[in-house]
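The working numbering numbers the first residue of the sequence shown as 690 and each following residue consecutively. Below: one structure, written as structure tokens.
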Amino acid sequence: MTNAPTPSALDSRLRCFIVEDSPIILKNLTDTLEQVVPIAVVGTSEDEEGAVRWLQAAACPFDLMIVDIFLKQGVGLNVLVRARALTPNAHKVVLTNYATDETRQRCLALGAERVFDKSSELEDLIAYCAELAQAKAKALTGSSRS
Numbered sequence: 690m691t692n693a694p695t696p697s698a699l700d701s702r703l704r705c706f707i708v709e710d711s712p713i714i715l716k717n718l719t720d721t722l723e724q725v726v727p728i729a730v731v732g733t734s735e736d737e738e739g740a741v742r743w744l745q746a747a748a749c750p751f752d753l754m755i756v757d758i759f760l761k762q763g764v765g766l767n768v769l770v771r772a773r774a775l776t777p778n779a780h781k782v783v784l785t786n787y788a789t790d791e792t793r794q795r796c797l798a799l800g801a802e803r804v805f806d807k808s809s810e811l812e813d814l815i816a817y818c819a820e821l822a823q824a825k826a827k828a829l830t831g832s833s834r835s
């Protein structure tokens, strides 16, 4: 990434880690989120092993993880389980083409806060990210006044 945000700029933006195996979806999602929401994508992975390795290395702290279920290798559900243990304070959501009631229940049971359908709930995901970013900004503003 050229023009990487400075640490102080990252502090005020929602930091996001995305696990998505489709390069096109990843690029579109990253571009959209970074243009519409005060968010910085601080890391990505296309498979389970890479995501878990990134989480274990604590390469960069993050506030939100967006994970797809079906990955190039491995399964996003396993990433959720590991993320719940390794990053208990980070928000975790699933973005999938398979947002059935059963899938939603399983993801919620594994630690996801929300499940969004790629084909019909992208605006809901963006709104959710905006809410998280606003809450972070409010918390930072409140803590700087103390």
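Where is the CB? At the ideal position from N, CA and C, for every residue including glycine.
> Enumerated in chain order, which unbroken segments of the alpha helix (DSSP H) with a length of 4 residues or greater are wholly contained in the stretch 695 to 781?
Replying inline: Listed in chain order, they are 696 to 701, 712 to 725, 737 to 746 and 765 to 775.
> Span of the alpha helix (DSSP H) holding residue 789?
Replying inline: Taken as a continuous stretch (DSSP letters only), residue 789 belongs to no alpha helix (DSSP H), as it is neither H nor E.
> So, is the C-beta of residue 806 closer than 8 Å to a C-beta in chain C?
Replying inline: Structure shown: chain C not included; a single protein chain is present.
> Taking the C-alpha atoms as reference points, what is the distance between residue 791 and residue 797?
Replying inline: Spanning the alpha carbons of residue 791 and residue 797 requires a straight line of approximately 10 Å.
> Do the stretch 734 to 748 and the stretch 699 to 715 touch if we need at least three Cβ pairs shorter than 8 Å?
Replying inline: The answer is yes - the stretch 699 to 715 touches the stretch 734 to 748, with three or more Cβ pairs under 8 Å.
> In or out: residue 757 buried (at least 16 other Cβ within 10 Å) or exposed?
Replying inline: With 16 or more other Cβ atoms within 10 Å, it is buried.
> Is the beta carbon of residue 740 less than 8 Å from the beta carbon of residue 764?
Replying inline: Contact: no.
> Across which residues does DSSP place residue 784 in a beta bridge pair?
Replying inline: DSSP lists 805 as partners of residue 784.
>> Do residue 779 and residue 752 count as a contact pair if the criterion is CB distance below 8 Å?
In response: Yes, the pair counts as a contact, with Cβ atoms nearer than the cut-off.
>> Would residue 761 and residue 784 be called neighbours here (beta carbons separated by less than 8 Å)?
In response: Annotated as distal: residue 761 and residue 784, with beta-carbon spacing of 8 Å or more.
>> Is the beta carbon of residue 782 closer than 8 Å to that of residue 802?
In response: The answer is yes: Cβ separation under 8 Å.
>> What I want to know is whether the C-beta of residue 715 ends up closer than 7 Å to one or more non-hydrogen atoms of the ligand MG.
In response: The ligand MG is not part of the structure shown, which contains no ligands of any sort.
>> Report the CB separation of residue 714 from residue 822 in whole angstroms; it is logged as a contact under 8 Å.
In response: About 21 Å separates the beta carbon of residue 714 from that of residue 822, a gap too long to meet the 8 Å contact definition.
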